[in-house]
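Participant:
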Amino acid sequence: MPVMNVIQAVNDALRLEMRRDPRVVVLGEDVGAFGGVFRATAGLQQEFGAMRVVDTPLAEGGIIGAATGMALYGLRPVAEIQFADFIYPAFDQIVNEVAKFRHRSGGQYTVPLTIRTPYGGGIKGGHYHSQSPEALFLHTPGLKVVVPSSPHDAKGLLLSAIRDPDPVIFFEPKRIYRAAKGEVPEGEYLIPLGQAAVTRPGTQVTLIAWGAMWHEADQAAREAEAEGIDVELLDLRSLQPLDVEAITASVRKTGRAVVVHEAPRTCGFGAELSALIQERCFLSLEAPVARVTGFDTPFPYTLEAEYLPRAPRILQALRATVTY
Amino acid sequence: MPVMNVIQAVNDALRLEMRRDPRVVVLGEDVGAFGGVFRATAGLQQEFGAMRVVDTPLAEGGIIGAATGMALYGLRPVAEIQFADFIYPAFDQIVNEVAKFRHRSGGQYTVPLTIRTPYGGGIKGGHYHSQSPEALFLHTPGLKVVVPSSPHDAKGLLLSAIRDPDPVIFFEPKRIYRAAKGEVPEGEYLIPLGQAAVTRPGTQVTLIAWGAMWHEADQAAREAEAEGIDVELLDLRSLQPLDVEAITASVRKTGRAVVVHEAPRTCGFGAELSALIQERCFLSLEAPVARVTGFDTPFPYTLEAEYLPRAPRILQALRATVTY
Amino acid sequence: MKRERSHKPPVRADAGTAREWAPGRFLAEFPIYRVVDEDGKLVAGAELEMPEAELLALYRWMVLGRSLDERMITLQRQGRIGFYIGAIGEEATVFGTVAALAPQDWIFPSYREHGAAFLRGLPLVTFMANLFGNAGDIVKGRQMPCHETWAPGHFVSISSPIATQLTQAVGAAWAARIQGDDMVPIAFFGDGSTSAHDFHTGLNFAAVMKLPVIFACRNNGWAISTPSASQTVSETMAQKAIGYGMRGERVDGNDLVAVWTATRRARQRAAAGEGPTLLELVTYRMEGHSTSDDPRAYRPAEVVEPWKRKDPIMRVKKLLAARGLLDEAGEAALREEVRLELQAALQEAEAFPPKAPLASLFEDVYAEPGWAQREQLAELEGAIDADPRVANPRHVEG
Amino acid sequence: MKRERSHKPPVRADAGTAREWAPGRFLAEFPIYRVVDEDGKLVAGAELEMPEAELLALYRWMVLGRSLDERMITLQRQGRIGFYIGAIGEEATVFGTVAALAPQDWIFPSYREHGAAFLRGLPLVTFMANLFGNAGDIVKGRQMPCHETWAPGHFVSISSPIATQLTQAVGAAWAARIQGDDMVPIAFFGDGSTSAHDFHTGLNFAAVMKLPVIFACRNNGWAISTPSASQTVSETMAQKAIGYGMRGERVDGNDLVAVWTATRRARQRAAAGEGPTLLELVTYRMEGHSTSDDPRAYRPAEVVEPWKRKDPIMRVKKLLAARGLLDEAGEAALREEVRLELQAALQEAEAFPPKAPLASLFEDVYAEPGWAQREQLAELEGAIDADPRVANPRHVEG
Ligand SMILES: Cc1ncc(C[n+]2csc(CCOP(=O)(O)OP(=O)(O)O)c2C)c(N)n1
Ligand SMILES: Cc1ncc(C[n+]2csc(CCOP(=O)(O)OP(=O)(O)O)c2C)c(N)n1
Ligand SMILES: [Mg+2]
Ligand SMILES: [Mg+2]
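Residue numbers (the working numbering), protein chains in the order written: chain A, 1 to 324; chain B, 1001 to 1324; chain C, 2001 to 2398; chain D, 3001 to 3398.
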């Protein structure tokens, strides 16, 4: 099996799907001739032409508005927002239009749109090249939200996202764009949205993460094991739909949970997971659900290492939770 | 003391503050000659002129961007967004600019801006005249979020918001704009941001609400009392800063909590409150923190009554929580 | 998308004084296109391209649209529907444009173009059921009245957020080009909407991609209480096309024939690959913004007066009369016919059960309801069983 | 804001054919204003309004700006700073504009106008400390390099989101008018930024309110890999002013004197209450977009060639030489002086401790840190005490 990094896996998925389905179109800033600032769309315009791989003017609202019109008309657009930090000019189109089209039209119009965007910190991007805004979209019914943590998942999840009948925001953790390498099957395979992966079975505490932070969680779990703490690690992969059964099954078993995310703590998705767990596993809980997250500040530049909820902080939370 | 409704109290606060402080400026769509579609700014342009009470072109991004520039320059702008549902075109300015100016400039520039906007359901507004997007802003460090539940609080909180050195989003529950009447002291008084009101002391269960839903919670508490359930009711008033002491003090006493909000459940502020409570009061909790909220759908038109978390549903949650 | 500048830019040496526009310059450069004057006569040099049958048919539609608006406004005053927003005085901008399109052309409405949906086959009953938001509502009582959708006629879902439909129309045109379809979408919006973000991105994207789109700006002089002169200081909306390298044109929006002819030309150009057009349809909002608005608070009655003479329906009536296509008897018969049609539709629409089933709230959020929607439906059903007040609206508005 | 249309709109009867623009029409209507040609000679009919002392001073600044950019790019390649973005080839658009303003005029930069901050007194050391993001950084290592703020010189905080500064500049102008201050803000942005939402709202708000603002569009031909011809099909950026009823002008952005003179005129008009101006400064991005970008992937070297002859610094150098204001010896001395100045600043800047204190992360989120910030600082301090790796960057990038 070929070894790829996340960018290559994304590129592979896009190419395969564009070959299979003429309705798939890619649009965004610098995605065409150049192939994207992270090269995720490299070679696509050369293969599929400027009609299906389009460099747009610099306006995210226009990109998503136009992609929405394409999707309404029956295409399967894949829009790229150059950085998740720059998705907000399209926020109205995403939250008020894309998310509500199916409902408000009584099912007469749908928006099978995929929005790809590099997200998260760890690349020295400071305030505006590091944000993790997933919670904003998870609070918006009608949207699906996916975050891969490996090249293998990136390809299988992106293919599912493009074929999904509903709009999907596909966050690509740019910190692991090149860092995460792994075997990726050739040809197509689908990873269904809404299935978490139990990447490490355990009995003492449930550790929940996604995207780049899964790698930190995994390292923390290894270090915990060395200390005799038996961690069950879940990679959510898809946050909406959420695999709530996998979470509750694990917490009912372990009685303890630690949630990890990069975004600021207040109103992050960790809050929702914490609420869901204590609503559904209250009698099994032997310790409060712990949140290891980014802090309630803008994303910093120099103090990035301190800001990110990395393995050492996760490990401390695991210790505290099992000894609560 | 004069009796006012919420609109009159807001109007009174704006007039008083514009008289006191020449730096206070009001801008928005239809706020001038007309006095706003809800009449909240009625008479202000007549008294303070078209320089300080400005009808803007139809662009929320422009309204907030311009208001930001005014605040940077030293004014105290009060921007009106005609409906909270239409705040998204300004989302980039609010989340990426307004919220981050102080931090990113090392404290050299600040944005003492107040954004007033009618919000919430209960007026037959359907998808686009009913939304409660507070959680989106609560996930953004740098912003403050205030929601009054009475004419008295509306005036005292708005005066504090305008004088606050940080940007404040002031959500006005339009369902009670005219319905909620009460005595409002003449002249100025300030209600500090970050102080919840314990509007009903109780011992068995803590009920947390804000804005229009406080009235539903209050009714539910009365009905519960008739059933012998002793409810302690908190009106948060300000969600950021949050009076976490008031919440934890109450829950440590009652051991039970029910949170109410109109917004969809997933990733709503109720999730954060639930997470905070179980992190801080875990050993006191005798039942899971319950959430009585809007559902994970767009806001409906005909089924509005069913959608809103009104007294009957709150009462059921109180019963279930005390008998857990 | 790369393009080469064919012309070498000239240089000047006189000290920089930025271009100021002589007052009236763009009014002159964008004269208002008119075919039928206020007395129903063809203006000098104009010819009637519209077939007489079409003229008569559209006249009937305009009468129906006007009568419907008036009737529904009364209905709202009676409290039988919650809200209404129509196109009184602007009928020519709605019927004239859409009648000139091909049936496969998609319509991206703002919220006054109900007539466009009727032209595309939306039954009056279905429209009225949407006003009641009852079980007959094709969008299942999910949006406010006047937010209908009619996919069978390619009439895209109406939403409240201003101007969002412009970029969506651009995307549809783009998709049609990719598919090789002969489809020219039209996007409707008002003068106030030209200030919105999506006006800028919509026109710019369409021009850069040279897409077949018609941007129909109903310049009715007002955005709620804000006059169009406070939205922009450009003398015309049409000249905004210049900034996008796009074609722009001013049309008498109260002249059905001019609107129809201009739209037809725009559609021909678009289909021929000549790109998008911005049509400024100069008209006037004769009533309040909607039933929620009372214009007396900001608009003196006098300013409306001069526009009464320009009424789009009167104009066509006079033209038809002059051509012997409609006499008083015919007019009376037509109006009675319309009255009965509306009455019948209203009765039928009002007869539906008041609410779509509870489950409809949780459907269409996603193609398949997720566990949250399924659980919450069960939760709500249980709550209503335990306490019927949960489903009692009076309890809300009270 | 109400305005009355003074002119009665003319009417035409010929069947509607929307205005199409004869190719080159707007290039002709917006000729490029130039004072000094590529050989450093005054163009026919032009006169030099800029005092010679100013000319010499600005020449030195441009040389410093260029040397700084080159030096910092090298620094980034050496891995000593993480990122850099400069203005190589565009120096005249930065120094020429700001030198023509009054000291109290606020500057709303995009991200290439570091030179403007220097003109306003930002010490080189402070700027470089921002590149290192170290304890000497006036913005406390919170943003990427080249995102400085310099309030003492009214140089407003740089942020990455494109074009947000335009509407903010409009608000500042508005505030100044309310306060009765003689203050004319300038907003800098690129050609790509004209596609953004805030370009539209910024220009429209300024024109409607007739505010004193200067919109300085550095049209350097590229938005990362996207040529300006793919951002818009309007022949010029200046003509976009027409849609807002605003003044627009094209200026040779590589001609320091033309930029300075045009900006001066724009400021005079603004201060005189004549409203805003859109200045299109025609220049070229000679390097990659930033140190993160390699233009060879999308831009053939040849297209850059013709622009080398137009270099803004060479031009002024020739002019100075022709006027006997700068000989080779003077030039050499100047460059050596600049080199040493940069070297000294760099040494000083690099000497600061690598990080601002931990607490700085939680400060300035609000005027006073809230309980969340206070608790989280304590939490972080505790975590570092328990495990130093928490504060170890190598552990991140690894
Ligand atoms: C983004 C947004 N902001 C504000 C509103 C409130 N609003 C509804 S209609 C309207 C005025 C629109 O005026 P115009 O575009 O001229 O259309 P008209 O109603 O005159 O046909 C406003 C401000 C809205 N619906 N959406
Ligand atoms: C809203 C937003 N979208 C995308 C980006 C990424 N981005 C940074 S600079 C740039 C190109 C800007 O081009 P232009 O406006 O011409 O300025 P120039 O760099 O040429 O000076 C882009 C797309 C951004 N910073 N903000
Ligand atoms: Mg209008
Ligand atoms: Mg550029």
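Glycine included, each C-beta is placed from N, C-alpha and C at the ideal position. As the structure is a computational prediction, the values presented were derived from the model and not from experiment.
Residue 1076 of chain B by DSSP, collapsed to three states: which one?
Facilitator: Three-state DSSP puts residue 1076 of chain B in a strand.
Participant: Please give the ranges of any alpha helix (DSSP H) in the region 213 to 263 of chain A, keeping only runs that are unbroken, at least 4 residues long and fully inside the region.
Facilitator: Listed in chain order, the complete alpha helix (DSSP H) runs (minimum 4 residues) inside the region 213 to 263 of chain A are 244 to 254.
Participant: Looking at the structure shown, is residue 3378 of chain D part of a helix, part of a strand, or coil, going by DSSP?
Facilitator: Residue 3378 of chain D falls in the helix class under three-state DSSP.
Participant: Give the interface partners of residue 1241 of chain B over in chain D, defined as CB-CB distance under 7 Å, in chain order.
Facilitator: Neighbours of residue 1241 of chain B on chain D, chain order: 3370.
Participant: Taking Cβ to Cβ, would you say residue 181 of chain A is nearer than 8 Å to residue 18 of chain A?
Facilitator: No, these two residues do not count as a Cβ contact at 8 Å.
Participant: For the region 3252 to 3264 of chain D against the region 3030 to 3037 of chain D, are there 3 or more C-beta pairs whose distance is under 8 Å?
Facilitator: Result yes; three or more Cβ-Cβ pairs closer than 8 Å.
Participant: Taking all protein chains shown into account, do 16 or more other C-beta atoms lie within 10 angstroms of the C-beta of residue 2246 of chain C, making it buried, or fewer, making it exposed?
Facilitator: It counts as buried.
Participant: Taking buried to mean at least 16 other C-beta atoms within 10 Å of its own C-beta, is residue 1278 of chain B buried or exposed?
Facilitator: Flag for residue 1278 of chain B reads buried.
Participant: Could you have a look at residue 3140 of chain D and say whether DSSP puts it in helix, strand or coil?
Facilitator: Here residue 3140 of chain D sits in coil by DSSP.
Participant: From residue 156 of chain A to residue 2148 of chain C, what distance separates their C-alpha atoms?
Facilitator: Distance between the alpha carbons of residue 156 of chain A and residue 2148 of chain C is about 38 Å.
Participant: Kindly provide the ranges of any alpha helix (DSSP H) runs that are 4 or more residues long and lie completely inside the region 178 to 202 of chain A, ordered along the chain.
Facilitator: None, since the region 178 to 202 of chain A contains no complete alpha helix (DSSP H) of that length.
Participant: Applying a beta-carbon distance threshold of less than 7 Å, which residues of chain D neighbour residue 1141 of chain B?
Facilitator: Ordered by position in chain D, the residues that pass the 7 Å Cβ test against residue 1141 of chain B are 3365.
Participant: Expressed to the nearest angstrom, what Euclidean distance is found between the alpha-carbon atoms of residue 3345 of chain D and residue 2365 of chain C?
Facilitator: So the alpha carbons of these two residues sit roughly 59 Å apart.
Participant: Is residue 3189 of chain D close to chain B? Criterion is C-beta to C-beta, closer than 8 Å.
Facilitator: No, no contact with chain B.
Participant: Quick check: what's the CA-CA separation for residue 2048 of chain C versus residue 2238 of chain C?
Facilitator: Looking at the two C-alpha atoms, the distance is approximately 24 Å.
Participant: Tell me whether residue 1354 of chain B sits in a helix, a strand or coil according to DSSP, three-state version.
Facilitator: Absent from the model: residue 1354 of chain B. The displayed extent of chain B is 1001 to 1324, so no value can be given.
Participant: For residue 3340 of chain D, count neighbouring Cβ atoms within 10 angstroms of its own Cβ and tell me buried if that reaches 16, exposed if not.
Facilitator: With fewer than 16 Cβ atoms within 10 Å of its Cβ, residue 3340 of chain D is classed as exposed.
Participant: Any residues in the region 2094 to 2125 of chain C with a beta carbon nearer than 7 Å to a beta carbon of chain A? Which ones, in chain order?
Facilitator: For the region 2094 to 2125 of chain C, which is checked against every Cβ of chain A, not one residue is closer than 7 Å.
Participant: With three or more beta-carbon pairs closer than 8 Å as the criterion, would you say the region 2163 to 2171 of chain C touches the region 2180 to 2187 of chain C?
Facilitator: Taking 8 Å as the limit for Cβ pairs, the verdict is that the region 2180 to 2187 of chain C does touch the region 2163 to 2171 of chain C.
Participant: Residues of the region 1165 to 1181 of chain B in Cβ contact with chain D at a cutoff of 7 Å, in chain order, please.
Facilitator: Listed by position, the residues of the region 1165 to 1181 of chain B near chain D (Cβ gap below 7 Å) are 1165, 1166.
Participant: By how many angstroms is the C-alpha of residue 3213 of chain D removed from the C-alpha of residue 3321 of chain D?
Facilitator: Spanning the two alpha carbons is a distance of roughly 35 Å.
Participant: Compile a chain-ordered list of the residues in the region 100 to 133 of chain A whose CB is closer than 8 Å to at least one CB of chain C.
Facilitator: Taking 8 Å as the Cβ-Cβ cut-off against chain C, the residues of the region 100 to 133 of chain A that qualify are 100, 101, 102, 103, 104, 105, 106, 107, 108, 109, 110.
Participant: Restricting to runs no shorter than 4 residues, where is the alpha helix (DSSP H) found entirely within the region 3122 to 3191 of chain D?
Facilitator: Runs found: 3124 to 3132, 3164 to 3179.
Participant: For residue 1034 of chain B and chain C, any beta-carbon pair shorter than 8 Å?
Facilitator: Interface residue, yes.
Participant: Leaving out five residues before and five after residue 2391 of chain C in sequence, what residues of the same chain have Cβ atoms less than 6 Å from its Cβ?
Facilitator: Cβ neighbours of residue 2391 of chain C beyond the five flanking positions: 2384.
Participant: Is residue 117 of chain A closer than 8 Å to residue 81 of chain A when the C-beta atoms are compared?
Facilitator: Yes.
Participant: Just how far apart, CA to CA, sit residue 3074 of chain D and residue 1153 of chain B?
Facilitator: Distance between the alpha carbons of residue 3074 of chain D and residue 1153 of chain B: 59 Å.
Participant: Please report how far the alpha carbon of residue 3068 of chain D lies from the alpha carbon of residue 3084 of chain D, in whole angstroms.
Facilitator: Using only the alpha carbons, I get a separation of about 11 Å.
Participant: Any idea if residue 323 of chain A is buried or exposed, counting beta-carbon neighbours within 10 angstroms, 16 or more meaning buried?
Facilitator: Classification of residue 323 of chain A: exposed, given that the 10 Å Cβ count is below 16.
Participant: Between the alpha carbons of residue 3109 of chain D and residue 1028 of chain B, how many angstroms are there, rounded?
Facilitator: Answer to the nearest angstrom: the Cα atoms are 26 Å apart.
Participant: What whole-angstrom Cβ distance do residue 1337 of chain B and residue 1308 of chain B have, given they're in contact under 8 Å?
Facilitator: Absent from the model: residue 1337 of chain B. The displayed extent of chain B is 1001 to 1324, so no value can be given.
Participant: Report all residues from its chain with a CB closer than 7 Å to the CB of residue 110 of chain A; omit the five preceding and five following residues, and keep chain order.
Facilitator: Excluding residues within five positions, the ones whose Cβ falls inside 7 Å are 101, 102, 165.
Participant: In the DSSP assignment, find the beta strand (DSSP E) that holds residue 2252 of chain C and state where it starts and stops.
Facilitator: Counting along the chain, the beta strand (DSSP E) containing residue 2252 of chain C begins and ends at 2247 to 2252.
Participant: Along the chain, where does the alpha helix (DSSP H) that runs through residue 1395 of chain B open and close?
Facilitator: The first residue shown for chain B is 1001 and the last is 1324, placing residue 1395 of chain B beyond what the model contains.
Participant: What residue ranges within the region 2291 to 2345 of chain C form continuous alpha helix (DSSP H) runs of no fewer than 4 residues, ordered along the chain?
Facilitator: Within the region 2291 to 2345 of chain C, the complete alpha helix (DSSP H) runs of at least 4 residues are 2301 to 2308, 2312 to 2322.
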